[in-house]
Amino acid sequence: MNRIVCGCMFIGAMMPAILRAQALTPGEKTTVETVLNRFTQGVQTGKVSVDSTRQEDGVLTIFASRNFSYVPFRKTNCNQIFQALRENLPQQPGREDIRILTDGKDIRSLIPRTEQDKRDKRPAFTNDSDIPLVQNTDKPYKATKGLEGRHIALWQSHGAYYEQGLARWEWQRARMLQTVEDKYTQSYVLPFLIPMLENAGAITLTPRERDANPYEVVVDNDEQLATSPYQETTGSKPWTTGSGKGFAYTKNCYTEFDNPFTDGTYRQAETVSKSKDESTISWTPDIPRERQYAVYVSYKTLPNSAADARYTVYHKDGKTTFSVNQKMGGGTWIYLGTFAFYKGTKGKVVLTNHTAKAGEIVTADGVRFGGGMGNIARRAEADSISPNTKTDRSNKRMARNAWQPKINYPYEVSGYPRFEEGARYWLQWAGIPDSIYSPSHGLDDYSDDYKNRGAWVNYLAGGTKAAPEYKGLNIPIDLSFAFHSDAGTVYGDSIIGTLGIYQVSQYGGKFADGTSREANHDLCDLVLTSITRDIRALHEPKWTRRGMWDSRYFEAWQPRVPAMLLELLSHENFADMRYGLDPRFQFSVSRAIYKGMLRFLSDSHGYEYVVQPLPVSHFAAVLDEKQRVRLSWTPVADSLEPTATAEKYIVYKRIGNGDFDNGTVVKATTYRCEIPKDQVVSFKVTALNKGGQSFPSEILSVGISSRSVQKPVLVINGFDRVSGPDDFVSANDEWAGFLADEDNGVPYNNLISYTGRMKEFRRSIPWTDDDSGGFGDSYGNYEKLVIAGNNFDYPALHGEAILKAGYSFVSASKAAACEKKLADTDKYAAIDLILGKEKQTKMGRPGVVPLRFKTFDDDLQQALTNYCQTGGKVFVSGSYVGSDLWFNSLSTAKDNDKAFAQNILKYKWRNNRAAVEGTIETVASPFTEKKVILIYYNKPNEESYVVESPDAIEPADSCAYTAFRYSENKLSAGVVFGGSEKDHWKTVVLGFPFESIKSSDQRDALMQNILLFLCK
């Protein structure tokens, strides 16, 4: 009897544990897994499983596998998940609630703060500063609902580094698909992402050089190798030498742990509140080549430093003033902006001690212009060895033995532009402590480069609330962002896709202010969601969202501010890179990242965000009845962002070969102004709202000739193409690749990621080493060169030649010219149609989005037909004027297109890829009887976009003549038509772009002959 009682008591005591262990039956567990996997659609999670379950105190807790945390949780899908579970699980007495944990987190806690009700929001991390590091005081707007005054640290993956195991400089990844990761991610960060953030009002800081200009001039008070003029003026408070160390340019190259910011002195002066009492310093660079240069200043931060040190940059025909908060950022290079400078000593930077408050201190040190070449020299260690491969990361270096002679390796600089080097080297040149940039103490540059970036963020933020215990620069960093691409390759059209990495648990799961590091997950989720949503909507509906990893990657865990690491796509996978090499895709991704950051920071700081507008379209610059320039344009709606609506516009003006001014804000979509005669005056427009300003429009130009008695020439800019390179896939998918020699695409402004053309097209060839990359392996003969692309500024180049020929000119985009019916013989003596490398072009896999950039679309054909049939004169030039209509592999040729070319413009296609040597000659014709040799850009270069495949075209009318031939094979390169008994109009059509001719003298002479032929 007692045994029975005791046994019953034992069973009763064990019942709760049994219930907890058996919360779900195997069948119910399968049901739960089915429900959970239903909510992973659109995310590459793999199969989600239930690791275990527990029922306690009326709550069923489901422990899902870690990959369920990759799902972007929102209130909506969380509610749907719980509702589905309640509907599919049998009701049990006492089960009042259900919880789901994945990766140790309740899925409700993974809902980003932006999506939570106000009462549920956890406290947000903020790192405010009343006065930001740098302010452009000439900027004509404030992005009050953008990122005004926010400080963002970001970088573009790896860079060239010195590998001691091989005693050479090399890339950190293999050259693949015409690029290398070390260069590839720069094609997003530098031309797109950083400008977008800055247009939204942010201050961006990067541990790698941001200026791709290989030229550099340093001006400094200590002179040494800084030989350009440095000058001081003295007011009531003189400049004196500060008591600490400062910058000096003492060496052509720096070795070991040399720090240029401890080799010299700095200057200082007490501030004055009246301009008549000011003292100034001028840094005047002797610019070696006319082009754009980034401008960096340096100074010393002191206890009583001024928060409004005023620097004025005098650049091409203009000046821009900045206020720099010297209470932060002392002892390193601080970026002001990028400006065009004339060759020689016409530009300068001037600092004044005139500030709002007297009695503080302004300091001054070196000023730097341009990105320059790498100047950090490295060498292999002589007394120890590494295997003849990358340094063994676990064993490090090994001592020499008797059979291994000591080699005295020389110090070597990379020989690359500084922007291509890893962060470790720029940080040394920027005066960052070696404990930050070289955690290995000089033994392993490879690991130093990925370990130092997060440490650099903390050094920037040292002394702020983000890192109060750190010694640093006191810059209030708001977030940190690492931009990478990943590895991996598959056949066919499968996309590797996008991965986000963040880390929560480090530093006890909290920031220094006590707020939760779950903010890292929020940032990652918002950016990843923004990227995949936009790519799927705009470019590739099947784009892969891989997941969000809570992992200890240095760039994810180390920063003491909200941080994430992005692996956008696989730089090894052909399907990914068919999109990834296209500037349109790069723009969209960068805009998506910016929007994700904007959503995150606006929520943290408690304001409603506004997204900056898209660039305007339908731009035209014509003359009114009073000979004033009349600009007009159309705003572009953003179907993905209702807030991205233009409220105002900024009109920028440039006279001659100068630089654009600081802009004029206007409310309407038109603008009038007077311009000087006999000069090319150029304009660009940006759209503006409370979120910031858009990217600029194309550049249009106008010129009024004082000696012209004819109507002006209408220049139509029909070259708006930007695209990736041509590609192919064999029928059996065994061969694929990019075809740089046929058409390497059209970069936006310039191409900074290209290494050289692809050489291995067999998909089956595997990667074996970074020197043998397998499928996609590419040459490296262009990797030190910044290659010119479409600068959207060709009306000025054409217009300059037209003006020299004695004609006035106006210009318009192709869309504006057609919509506004500008092609009118009553108004214009002739039309100059710029087609450049315009041709029908896809993005990514064929058939997903419509082809764009047709040379002659229906509207343009109709406009030119009407113009010609009323006696018009037309000049057309472009690489694909024939082949785009007859022989474009992406589009079926249309009879009406060919009829237009033959019957109106009087030419027909003969051959594509007609020449490679870049030389054209005139032949006897009604155009001219003189023989003239013309040279065009036929190889990648930094001056003009390359013409890889010009067209051979022939006359299509008995009254049309070949007037130009390619010198190497005598194929017809240009056709002229002077009219006939039936057709009373004239045309000149070139199978190569006019603007690609190298010599300005040759262009001027050719334009004069063209206008003489057309208008005589």
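Residue numbering for the sequence shown follows the numbering used here, starting at 1 and increasing by one per position.
By construction, the Cβ of each residue, glycine as well, lies at the ideal position given by its N, Cα and C atoms.
1) Below 8 Å between beta carbons: does that hold for Val561 and Ile436?
2) Return the CA-CA distance between Ile997 and Asn866, expressed in angstroms with no decimal places.
3) Have a look at Gln41, Lys105, Pro72 and flag the residue whose alpha-carbon is nearest the alpha-carbon of Ile62.
4) Can you check which of these residues, Gly656, Tyr652, Ser811, is closest to Pro712 by C-alpha distance?
5) Is Ile407 buried or exposed, if buried means 16 or more other CB atoms sit within 10 Å of its CB?
6) Please report the distance separating the alpha-carbon of Leu1014 from that of Thr870.
7) Taking Cβ positions, are Gly737 and Asn790 nearer each other than 8 Å?
8) Could you tell me which of Gly991, Ile704, Leu302, Leu36 sits nearest to Gly806, measuring between CA atoms?
9) Whole angstroms are fine: how far does the CA of Glu381 sit from the CA of Pro405?
10) Would you mind working out which of Leu166, Glu223, Gln156, Leu739 sits nearest Ala423, comparing C-alpha positions?
11) Measuring straight from C-alpha to C-alpha, what distance separates Lys931 and Leu1006?
12) For Met328, list the residues DSSP reports as bridge partners.
13) Does the count of Cβ pairs from the segment 950-964 and the segment 840-856 closer than 8 Å reach three?
14) Does the segment 97-104 come into contact with the segment 54-72, if we say contact requires no fewer than three beta-carbon pairs (one atom in each stretch) closer than 8 Å?
15) Ignore the nearest five residues each way along the sequence and tell me which others in Ala306's own chain have a CB closer than 6 Å to its CB.
16) Out of Arg378, His571, Asn221, Asp120, point me to the one whose CA is closest to Tyr254's CA.
17) Pick helix, strand or coil for Leu1011, following the three-state DSSP scheme.
18) With 16 other CB atoms within 10 Å as the buried threshold, where does Lys986 fall?
19) Determine whether the beta carbon atoms of Gly415 and Phe247 lie at a separation below 8 Å.
20) At the level of alpha carbons, what is the spacing between Lys854 and Ile107?
21) Rounded to a whole number of angstroms, what is the C-alpha to C-alpha distance between Asn781 and Met176?
22) What are the start and end residues of each continuous alpha helix (DSSP H) run of 4 or more residues lying completely inside the segment 744-822, in chain order?
23) Taking a contact to mean a Cβ-Cβ separation below 8 Å, would you say Thr179 touches Ser753 in this structure?
24) Buried or exposed for Gln41, going by 16 or more other Cβ atoms inside 10 Å?
25) In three-state DSSP terms, what is Cys524?
26) Less than 8 Å between the C-beta atoms of Ile655 and Gln679, yes or no?
27) Pull up the distance between the alpha-carbon of Gly978 and that of Asn903, whole angstroms please.
28) In the DSSP assignment, find the unbroken alpha helix (DSSP H) run with Thr865 in it and report its ends.
29) Can you give me the C-alpha to C-alpha distance between Arg267 and Val218, rounded to a whole angstrom?
30) Alpha carbon to alpha carbon, how far is Asn912 from Leu890? Give it in angstroms, no decimals.
31) Going by DSSP, what residue range makes up the beta strand (DSSP E) through Val362?
32) Compute the distance between the beta-carbons of Val947 and Leu905, then report whether it is under 8 Å.
33) Nearest by alpha-carbon distance to Arg707: which of Pro613, Phe809, Asp317 is it?
34) In chain order, which beta strand (DSSP E) runs of at least 3 residues are fully inside the segment 211-262?
35) Identify the continuous beta strand (DSSP E) that holds Ile281 and give its terminal residues.
36) So, Thr284 versus Pro229, is the Cβ gap smaller than 8 Å?
To lay it out plainly:
1) no
2) 30 Å
3) Lys105
4) Ser811
5) exposed
6) 14 Å
7) no
8) Ile704
9) 12 Å
10) Gln156
11) 12 Å
12) Answer by DSSP bridge pairing: none, since Met328 is not bridged.
13) no
14) yes
15) Thr271, Gln326, Thr355, Glu360, Val362
16) Arg378
17) helix
18) buried
19) no
20) 49 Å
21) 13 Å
22) 794-804, 814-819
23) yes
24) exposed
25) helix
26) yes
27) 13 Å
28) 858-869
29) 16 Å
30) 14 Å
31) 361-364
32) no
33) Phe809
34) 217-219, 230-233
35) 280-283
36) yes
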